[in-house]
Amino acid sequence: MLSLKMGNGKLSNNILHLFIVITLAISSCLVSLSQANHLPEQRKRLQLNQCNIFKGHWVRDASYPMYDSSQCPDIRKEFDCLKYGRTDTNYLKYRWQPDDCDIPRFDGVDFLRRMRGKKIMFIGDSLSLNYYQSLICLLHAAIPNSKITHPSTGGMKSWFYQDYNVTVTMYSSLYLVDIEKEQQGRVMKLNSIKNGKIWKEMDVLVFNTWLWWNIRGAKQSWDYIQDGSVIQKDMDRTVAFRKALMTWAKWVDSEIDPKKTKVFFQGTNPLHYDGKEWNATRAKDCSKEIRPVKGSTYPTRAPPALDVVKQVLSTISKPVYLLDITLLSQLRKDGHPGPYNGFHGMDCNHWCIAGLPDTWNQLLYTTLIM
11 MLSLKMGNGK
21 LSNNILHLFI
31 VITLAISSCL
41 VSLSQANHLP
51 EQRKRLQLNQ
61 CNIFKGHWVR
71 DASYPMYDSS
81 QCPDIRKEFD
91 CLKYGRTDTN
101 YLKYRWQPDD
111 CDIPRFDGVD
121 FLRRMRGKKI
131 MFIGDSLSLN
141 YYQSLICLLH
151 AAIPNSKITH
161 PSTGGMKSWF
171 YQDYNVTVTM
181 YSSLYLVDIE
191 KEQQGRVMKL
201 NSIKNGKIWK
211 EMDVLVFNTW
221 LWWNIRGAKQ
231 SWDYIQDGSV
241 IQKDMDRTVA
251 FRKALMTWAK
261 WVDSEIDPKK
271 TKVFFQGTNP
281 LHYDGKEWNA
291 TRAKDCSKEI
301 RPVKGSTYPT
311 RAPPALDVVK
321 QVLSTISKPV
331 YLLDITLLSQ
341 LRKDGHPGPY
351 NGFHGMDCNH
361 WCIAGLPDTW
371 NQLLYTTLIM
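With the sequence shown counted from 1, adding 10 to any position gets you my numbering.
Below, the structure is given as structure tokens:
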């Protein structure tokens, strides 16, 4: 403790010395604190990179859903469950928890900043539309007053976020390969992808197909199927699916520049029309389901189409990331529109928005920032 009887010079020198000591001590503490704060983040990031984010379980989380679906400007009547009479909201209160790490909550502003100047395209059937519309709702919730336009080219609907120069587009393609009108009728060509000229101009591509491969009768969107030079009335649908995916795989390898474009493939979507699949023998469909399957395993194996997808992806030399949403979606028997949709039919195929597709986008966001 300084004595007030000291001379002015000694007093000044001692005060200066004490000030320097205190300053150095504080600086040392701040550095240590800063390092301590960053260490958990670094460990978490390392853990995330080593984690299978698609293996986990659903946990109840009161902070969900991530947005109010009534405020979303673009939800088709197939997916807007609350609008069409669903009264239970329990299905909205679940968060996906990987077994070995945590994943970041979807951050719409951060997503747009990271995607600044880029074009994102979802390519596939109505499940791609489900995915796409979920992203639109998530982004709207994050930036409700942002400047947005809707450029339309060739029937494709897009959202252009002017403040970030980001475009999000949905491209409808039920099979990824071409269907052409010829003299004998509509011919699906398993070896042709002409639409790829548009796709390869994008920066992020999210592909999906499978739902329509087993559609028959009046809803089938082709009359003949062509494999090489052979045109026939029909063939084994799984074989046709594999051939079409191989054509797509060759297109990726020949046309995609990985320095410009990131390619994702959406895993096979499960159906919930038979309660025996989740050990509910009395359940005829998903209409009365209000909770996910407990745990991290599903009683029934994944759709065989997923094996085909994984086999085909393994043949591609360019980087392609599988968004393996099959298992986590199988566990969500409660997440379908059921009877609560604008068509008033039983839908245990698509998903409510808000709902499960928001997690698909959370996982897409996670893979983009990993």
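All C-beta atoms, glycine included, are put in the ideal place defined by N, C-alpha and C. No experiment lies behind these values; they were computed from the predicted model shown.
Worksheet entry | C-alpha gap between LYS320 and ARG252, whole angstroms | Position 310 of the sequence shown, counted from the start, is the residue given in the question as residue 320. Position 242 of the sequence shown, counted from the start, is the residue given in the question as residue 252. Taking the straight line from one Cα to the other gives about 11 Å.
Practice prompt. With a 10 Å radius around its C-beta and 16 neighbouring C-beta atoms as the bar for buried, classify GLN372 as buried or exposed.
Written response: For the purposes of this step, residue 372 is taken as the residue at position 362 of the sequence shown. Buried.
Worksheet item: Does any residue of chain D bring its CB to less than 7 Å from the CB of ASP357?
Response: Included in the structure is just one protein chain, with no chain D present.
Item to complete: Confirm, please, whether the CB-CB distance from TRP220 to LEU3 is below 7 Å.
Response: What the structure shows of the chain is the stretch from 11 to 380, and residue 3 is not part of that stretch, so it cannot be assessed.
Worksheet entry | Top-ranked residue by Cα proximity to LEU200, from LYS157, ASP246, TRP209 | In the sequence shown, the residue the question calls residue 200 occupies position 190. Checking every option, the nearest Cα to that of LEU200 belongs to ASP246.
Worksheet entry | Bridge partners - HIS67, DSSP secondary structure assignment | Residue 67 sits at position 57 when you count from the first residue of the sequence shown. Its beta-bridge partners are GLN107.
Worksheet item: Quick one: what's got a C-beta closer than 6 Å to LYS272's C-beta in the same chain, skipping five residues either side?
Response: Locating residue 272 in the sequence shown gives position 262, counting from the first residue. If we look at LYS272 and ignore the five residues flanking it on each side, its Cβ neighbours are VAL214.
Worksheet entry | Exposure label - ASP173; buried when at least 16 CB within 10 Å | Against the sequence shown, residue 173 aligns to sequence position 163. That one is exposed.
Item to complete: With DSSP as the reference, label GLU287 as helix, strand or coil.
Response: Here residue 287 refers to the residue found at position 277 of the sequence shown. Note: GLU287 maps to helix in three-state DSSP.
Worksheet item: If you draw a straight line from the C-alpha of ASN155 to the C-alpha of ILE235, how long is it?
Response: In the sequence shown, residue 155 corresponds to position 145, counting from 1. In the sequence shown, residue 235 corresponds to position 225, counting from 1. Using only the alpha carbons, I get a separation of about 47 Å.
Worksheet item: Under 7 Å between the Cβ atoms of THR336 and LEU366?
Response: Mapped onto the sequence shown, residue 336 falls at position 326. Mapped onto the sequence shown, residue 366 falls at position 356. Contact flag unset, no.
Worksheet entry | Inter-stretch contact (C-beta, 8 Å, three-pair minimum) for the stretch 92 to 99 and the stretch 338 to 354 | yes
Discussion item. Any contact between the stretch 109 to 129 and the stretch 63 to 78? By contact I mean 3 or more CB pairs, one from each, below 8 Å.
Written reply: yes
Worksheet entry | Neighbourhood of LYS270 by C-beta distance below 8 Å, restricted to the same chain and skipping five residues each side | As a working note, residue 270 is residue 260 in the sequence shown. For LYS270, where only same-chain residues beyond five positions count, the Cβ hits under 8 Å are ASP213.
Discussion item. Could you pull the DSSP bridge partners for PHE251 from this structure?
Written reply: Counting from 1 along the sequence shown, the entry for residue 251 is found at position 241. Answer is none; PHE251 lacks a bridge partner.
Fill in: Whole beta strand (DSSP E) elements within the stretch 166 to 190, 3-residue minimum
166 to 171, 176 to 182
Fill in: Through-space distance from THR369 to MET131, alpha-carbon basis
Translated into the one-based positions of the sequence shown, residue 131 becomes position 121. Translated into the one-based positions of the sequence shown, residue 369 becomes position 359. Cα to Cα, the separation comes out at about 18 Å.
Item to complete: Would you tell me roughly how many angstroms separate the C-alpha atoms of THR325 and ASP188, rounded to the nearest one?
Response: Sequence index remark: in the sequence shown, residue 325 carries index 315 (1-based). Sequence index remark: in the sequence shown, residue 188 carries index 178 (1-based). Going by the C-alpha atoms only, they are around 22 Å apart.
Discussion item. Can you tell me whether LYS272 is helix, strand or coil according to DSSP?
Written reply: Your numbering for residue 272 matches position 262 in the sequence shown. Strand, per DSSP.
Item to complete: Could you check which residue in LEU102, HIS160, MET180 has the C-alpha nearest to that of ALA72?
Response: As a first step, residue 72 is located in the sequence shown; it is residue number 62 there, counting from the start. That would be LEU102, whose Cα lies nearest to the Cα of ALA72.
Practice prompt. Measure the C-alpha to C-alpha separation of ALA152 and CYS61 and round it to an integer number of angstroms.
Written response: Numbered from its first residue, the sequence shown carries residue 152 at position 142. Numbered from its first residue, the sequence shown carries residue 61 at position 51. Near 27 Å, if we compare the C-alpha coordinates of CYS61 and ALA152.
Worksheet item: Using the C-alpha atoms, what's the distance from THR376 back to ILE113?
Response: Residue mapping note: residue 113 aligns to position 103 of the sequence shown, counting from 1. Residue mapping note: residue 376 aligns to position 366 of the sequence shown, counting from 1. So the two alpha carbons sit approximately 7 Å from each other.
Item to complete: Within the same chain, show all residues whose beta-carbon is closer than 8 Å to that of ILE241, passing over the 5 residues directly before and after it, in chain order.
Response: Numbered from 1 along the sequence shown, position 231 holds the residue referred to as residue 241. Within the same chain, ILE241 has close Cβ partners GLN194, VAL197, TYR234, ILE235.
Practice prompt. Write down the C-beta distance between ASN140 and HIS346 rounded to the nearest angstrom, noting that I regard them as a contact closer than 8 Å.
Written response: In the sequence shown, residue 140 corresponds to position 130, counting from 1. In the sequence shown, residue 346 corresponds to position 336, counting from 1. Contact flag wrong, Cβ pair sits at about 11 Å.
Discussion item. Just to confirm my understanding: we take ASP334, look at its own chain, exclude 5 residues before and 5 after, and list those with CB closer than 7 Å. What are they?
Written reply: Position 324 of the sequence shown holds residue 334. Excluding residues within five positions, the ones whose Cβ falls inside 7 Å are PHE64, GLY277.
Item to complete: Apply the 10 Å Cβ neighbour rule to LYS191 and answer buried if 16 or more other Cβ atoms are within range, or exposed otherwise.
Response: Against the sequence shown, residue 191 aligns to sequence position 181. So LYS191 counts as exposed.
Worksheet item: Which word fits ASP84, buried or exposed, when buried means at least 16 other C-beta atoms lie within 10 angstroms of its C-beta?
Response: The residue given as residue 84 occupies position 74 in the sequence shown. When all chains shown are included, ASP84 counts as exposed.
Worksheet item: If you run the structure through DSSP and keep just helix, strand and coil, what is PRO367?
Response: As a first step, residue 367 is located in the sequence shown; it is residue number 357 there, counting from the start. PRO367: helix per DSSP, three-state reduction.
Worksheet item: Cβ of MET166 within 7 Å of Cβ of TYR142?
Response: Numbered from 1 along the sequence shown, position 156 holds the residue referred to as residue 166. Numbered from 1 along the sequence shown, position 132 holds the residue referred to as residue 142. Not a contact, by the Cβ cut-off of 7 Å.
Worksheet item: Which residues does DSSP pair with THR163 in a beta bridge?
Response: Within the sequence shown, numbered from 1, the residue matching residue 163 stands at position 153. For THR163, which the question treats as bridged, DSSP gives the partners MET166.
Worksheet entry | GLY118 versus THR179: straight-line alpha-carbon distance, rounded | The count along the sequence shown starts at 1 and reaches residue 118 at position 108. The count along the sequence shown starts at 1 and reaches residue 179 at position 169. Going by the C-alpha atoms only, they are around 16 Å apart.
Worksheet item: Are the CB atoms of ILE266 and LYS207 nearer to each other than 7 Å?
Response: Reading the sequence shown from its first residue, position 256 is the one you call residue 266. Reading the sequence shown from its first residue, position 197 is the one you call residue 207. No, the Cβ-Cβ distance between ILE266 and LYS207 is not below 7 Å.
Worksheet item: Which full runs of the beta strand (DSSP E) of 3+ residues lie inside the stretch 298 to 344, going along the chain?
Response: 330 to 333
Practice prompt. Closer than 6 Å by C-beta to THR159: which residues in its own chain qualify, once you throw out the five before and the five after it? Chain order, please.
Written response: Locating residue 159 in the sequence shown gives position 149, where the first residue counts as 1. Correct list, in chain order: PHE170.
Discussion item. I believe PHE116 touches MET76 by the beta-carbon criterion, under 8 Å. Please report the beta-carbon distance rounded to the nearest angstrom.
Written reply: One-based indexing of the sequence shown puts residue 116 at position 106. One-based indexing of the sequence shown puts residue 76 at position 66. About 6 Å separates the two Cβ atoms, so the contact holds.
Worksheet item: If you draw a straight line from the C-alpha of LYS87 to the C-alpha of ALA290, how long is it?
Response: On the sequence shown, residue 87 is found 77 positions in, with the first residue counted as 1. On the sequence shown, residue 290 is found 280 positions in, with the first residue counted as 1. Rounded to the nearest angstrom, the two C-alpha atoms are 28 Å apart.
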